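Every letter in the sequence shown is one number past the one before it in this note's numbering, and letter 333, counting from 1, is 610.
By construction, the Cβ of each residue, glycine as well, lies at the ideal position given by its N, Cα and C atoms.
Note that the structure is a prediction, hence the values are computed from the model and not measured.
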Amino acid sequence: MTQAFDVVIVGAGMVGAALAAGLGRSGFRVGLVDQGGAPSFDAAQPPDIRVSALSAGSERYLTELGAWQEILAMRATPYTRLAVWDETDHPLSSLLPHKIAEVVFDAHNLSASHLGHIVENQVTQLALWNCASAQSTVTQFTGHAVTSLTNNEDKATVTLNDGTELTGELVVGADGANSGIRSMAGIGVTRDQYQQQAMVISVRYQGPVQDITWQGFYPSGPRAFLPLYSAGNNESWASLVWYDSPEQLARLKSLDNSVLMAEIQNAFPSDLPLLTHIDAKASFPIARQHARHYVNNRVVLVGDAAHTINPLAGQGVNLGFQDARCLQSVLREARRAGSDLANPGRLAEYERHRRPANRRMMLAMDLFYHLFSNRTPPLHLLRNLGLGAAKAMPFARNRVAKYAMGIDDELPPVIRQLAERLPGLKQL
Ligand SMILES: Cc1cc2nc3c(=O)[nH]c(=O)nc-3n(C[C@H](O)[C@H](O)[C@H](O)COP(=O)(O)OP(=O)(O)OC[C@H]3O[C@@H](n4cnc5c(N)ncnc54)[C@H](O)[C@@H]3O)c2cc1C
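What follows is the structure, encoded as structure tokens:
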């Protein structure tokens, strides 16, 4: 059986579901396919192990789509402060105050009520699935994997594993970092595997919900604290992220929770509140990956299918939402002008907007990665000078915060120039 749509979106993760909701609201006929089942939420269940820091820019977009109120009604934790510091030992460590160059970004200095929210991925995805399915022009195909793609002159067609064919003027690959649509469309990637992986640990700690998220940088990788919601009985949930070598994380993952708890208390900075339970842990490989093109004929890529970045500043899905928002407006404009949705000039406009913006964020993350994952004294000095300068210059600091919040599109020039000089980034 063949069904026809304006746009077929493969992948209903956070980004694909957002795009479907947005296009559905504009009256496009959308087929939304995902190999997984519908996400679920139960207020009595512990948090999803995957959480994301959503920027103020993403909050605005999710509000436009009608998803934000639903997210707040489930669970979301605002944070008003974000702290970053260097934890590397150096010859003068014992003589200098601890965290000499700690930088704290504070919403109050930006006249904002908060810097962002920490939200469980399944909460965001469920709210977006609900928004998409509330649109009469969106048809969802859940539990179906796409197994083949034809990308012709006049239409593109995907075939599902039950033999159903879905055709569209455009097929969108929103199927994540290992995108099958990307490879079936013959789009290659540049890829760089980092030496570090990320282990996420769901914990409970003593005390009320904190309003700060922080990250201490060690030569083996950052260690971060992301506050979640109240667990009752004067306890709160949080997510810890521990970046380290794959070998070290494999060792940590194999430990009993009581032994792991002792390792965390030993390895994390003293800012860590008193932990009472470890509830879940999982590790994720991390890589910088960028599709060589975002578009091939009637196929276009969004989100992790187009780019993955180091998650150390939590920007991946925020960039994906910006892709979705941009593609939505390009397609609305194409429709208004009566042109084919796969018009090469229009899709080139999407890539022209999104590629440099995604690349800029990749460069910034790589700058942090290279600068901090390093024990050599000159780099130690440089990063502390950098943090010290950020501390001393509220204007520069606030610009970095606004960039990370999705309020400003441009990185401060000094960071952009430093990032552009990193080796191996020319090909991005
Ligand atoms: C440790 C860690 C921490 C992170 N923290 C943050 C953060 O704080 N803030 C942030 O912005 N980002 C963060 N990220 C990044 C963020 O998680 C990703 O950028 C985001 O999940 C990508 O969403 P997506 O919808 O593009 O892809 P995905 O979430 O990968 O969704 C892809 C979807 O496609 C479906 N699919 C795949 N293949 C097929 C097929 N053949 N047929 C049908 N369906 C298919 C899958 O089932 C899935 O639902 C983090 C990442 C990691 C690893």
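Residue i - DSSP class collapsed to helix/strand/coil
| i | result |
| --- | --- |
| K530 | helix |
| F598 | helix |
| H394 | strand |
| I489 | strand |
| G498 | strand |
| N573 | strand |
| H567 | strand |
| G593 | helix |
| L624 | helix |
| A544 | helix |
| P588 | helix |
| S388 | coil |
| A330 | strand |
For residue i, the first and last residue of its enclosing beta strand (DSSP E)
| i | result |
| --- | --- |
| M476 | V466 to Q483 |
| G308 | V307 to D311 |
| T340 | From DSSP, T340 is part of no beta strand (DSSP E) but of the alpha helix (DSSP H) over A333 to L342. |
| S425 | V423 to N428 |
| S513 | E512 to D521 |
| R358 | R358 to D363 |
| F382 | V380 to D383 |
| F418 | V415 to T419 |
Close-in-space but distant-in-sequence residues of the same chain around residue i (CB under 6 Å, 5 per side omitted)
| i | result |
| --- | --- |
| M278 | T441 |
| V594 | M291 and S329 |
| S584 | A small correction: the amino acid at residue 584 is His; Ser does not occupy that position in the sequence shown. So the list reads H567 and N635, once near-sequence residues are dropped. |
| T416 | G308 |
| D781 | Past the edges of the chain, shown from 278 to 705, lies residue 781, and the structure says nothing about it. |
| P355 | H391 and H394 |
| L608 | L618 |
| A297 | I286, V307, L309, A409 and V415 |
Contacts around residue i, its chain only, beta-carbon distance under 8 Å, and the 5 residues preceding and following it disregarded
| i | result |
| --- | --- |
| H421 | V310, D311, Q312, L437, N438, D439 and T441 |
| A433 | V285, L426, T427, T444, G445, E446, L447, V448, N574, R575, V576 and A619 |
| Q542 | L549 and L552 |
| D521 | Q473, Q474, M476, S497, G498 and L529 |
| E336 | W345, G393 and H394 |
For residue i, the residue or residues it bridges with in DSSP
| i | result |
| --- | --- |
| E442 | T279 and T436 |
| P550 | Note: P550 sits in no beta bridge, so no partner. |
| V448 | V285 and V576 |
Own chain, CB closer than 7 Å to residue i, minus 5 neighbours either side, in chain order
| i | result |
| --- | --- |
| M538 | L552 and I555 |
| G484 | N511, S513 and P550 |
| S560 | Q474, A475, M476, L526 and K530 |
| A281 | T444 |
Start-to-end residues for the alpha helix (DSSP H) that takes in residue i
| i | result |
| --- | --- |
| A298 | M291 to R302 |
| Q346 | W345 to M351 |
| I458 | G457 to M461 |
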